[in-house]
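Every letter in the sequence shown is one number past the one before it in the numbering used here, and letter 161, counting from 1, is 160.
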Amino acid sequence: MGRKQQSFVVVGLGAFGSVVATELARFGNRVLGIDLDERPVNQYANVLTATAVLDTTDEGALREIGCDRYDVALVAIGEDIQANILTTMNMRMLGIETIWAKAANRTHHRILSKLGADRVILPEQEMGRHAAQMLNNPAVHDYVSLGNSYNVVNLMVTRQLAGKPFSALGIEKDPSLRYLGMMRGTEFIGSAAPDMPLAEDDRLLLLGRRADLTRFGETL
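Okay, here's the thing in structure tokens:
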């Protein structure tokens, strides 16, 4: 049984909103893209399911084009904070089930949260933390924060460890870490034998608290 197709309305087709909208469409979802500027609307007209040039601070105009029939709204208006806030309010008034909104700063974040946005994003800060984590430890290929200091990290096996057995990592003896699997090229290795030789550029998937993962990453 296939995944149920969802419908999304993305308001603001700038650098952030346009990427989210096009990726959602690529995944096979129904996506309506809206912007006050006709240039990005025209640019993505053949990529998204539908597009509209619209002032989204006007609740009536949003109802007129059927925004209330969409499952999820992403308010990605960047520079005009007032328009961002009013649009988020309108999406809530329309009864859209799930609302995500892009914030420009911490104060804006608090306002959007109080207005009932289900998720508020600070893209620059989140990407900054992401970049810092990887710059701090070159072995970190990628990571996902799960909250409460827990992360899933993708750690690269270095040249120094290549050829050594999996047991040399000491993961099974460290109760603070949980091995989730390993990618070797395009192959996923869910269960690794202790004597399995490691290869350079193997990517370990580990779950643990940030401090414990950092400590382990520094040993690679």
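Quick reminder that beta carbons are idealized off the backbone N, C-alpha and C, glycines included.
Model, not experiment: these values are computed from the prediction.
Could you tell me the distance, in whole angstroms, from the CA atom of residue i to the CA atom of residue j?
{"i": "Gly11", "j": "Val156", "result": "41 Å"}
{"i": "Gly184", "j": "Glu199", "result": "10 Å"}
{"i": "Val46", "j": "Pro196", "result": "46 Å"}
{"i": "Leu121", "j": "Gly94", "result": "24 Å"}
{"i": "Glu58", "j": "Tyr149", "result": "40 Å"}
{"i": "Arg91", "j": "Ser17", "result": "22 Å"}
{"i": "Tyr178", "j": "Arg109", "result": "36 Å"}
{"i": "Ala161", "j": "Thr21", "result": "39 Å"}
{"i": "Asp54", "j": "Leu35", "result": "6 Å"}
{"i": "Ser61", "j": "Gly32", "result": "Residue identity differs from the one stated: residue 61 is Leu in this sequence, not Ser. Their backbone Cα atoms lie some 12 Å apart in a straight line."}
Put residue i into one of helix, strand or coil per three-state DSSP.
{"i": "Lys172", "result": "helix"}
{"i": "Met181", "result": "strand"}
{"i": "Phe215", "result": "helix"}
{"i": "Gly59", "result": "helix"}
{"i": "Leu160", "result": "helix"}
{"i": "Asn41", "result": "helix"}
{"i": "Asp67", "result": "helix"}
{"i": "Ala220", "result": "Residue 220 cannot be examined here, being either before or after the span of the chain that is shown, 0 to 219."}
Where DSSP assigns a beta bridge to residue i, which residues make up the other side?
{"i": "Arg118", "result": "Trp99"}
{"i": "Phe165", "result": "According to DSSP, Phe165 bridges with nothing at all."}
{"i": "Pro196", "result": "Pro164"}
Of the choices the options, whose alpha-carbon is the least far from that of residue i?
{"i": "Phe165", "options": "Glu123, His107, Arg109 and Pro193", "result": "Pro193"}
{"i": "Asn28", "options": "Glu96, Leu73, Ser190 and Phe7", "result": "Phe7"}
{"i": "Glu123", "options": "Ala116, Asp117, Asn104 and Lys113", "result": "Asn104"}
{"i": "Glu171", "options": "Gly162, Gln159, Ala191 and Asn153", "result": "Ala191"}
{"i": "Lys101", "options": "Leu85, Asn147, Val119 and Lys113", "result": "Val119"}
{"i": "Thr214", "options": "Gly169, Asp201 and Gly13", "result": "It is worth fixing the name first, because residue 214 is Arg in this sequence and not Thr. Considering only alpha carbons, the answer is Gly169."}
{"i": "Leu204", "options": "Glu217, Ile188, Thr218 and Thr87", "result": "Ile188"}
Residue range of the alpha helix (DSSP H) that residue i falls in?
{"i": "Ser17", "result": "Ala14 to Arg25"}
{"i": "Arg91", "result": "Ile80 to Met92"}
In the DSSP assignment, find the unbroken beta strand (DSSP E) run with residue i in it and report its ends.
{"i": "Glu186", "result": "Glu186 to Ile188"}
{"i": "Thr50", "result": "Ala49 to Val52"}
{"i": "Arg109", "result": "No beta strand (DSSP E) holds Arg109; the alpha helix (DSSP H) holding it covers Arg105 to Lys113."}
{"i": "Asp34", "result": "Arg29 to Asp34"}
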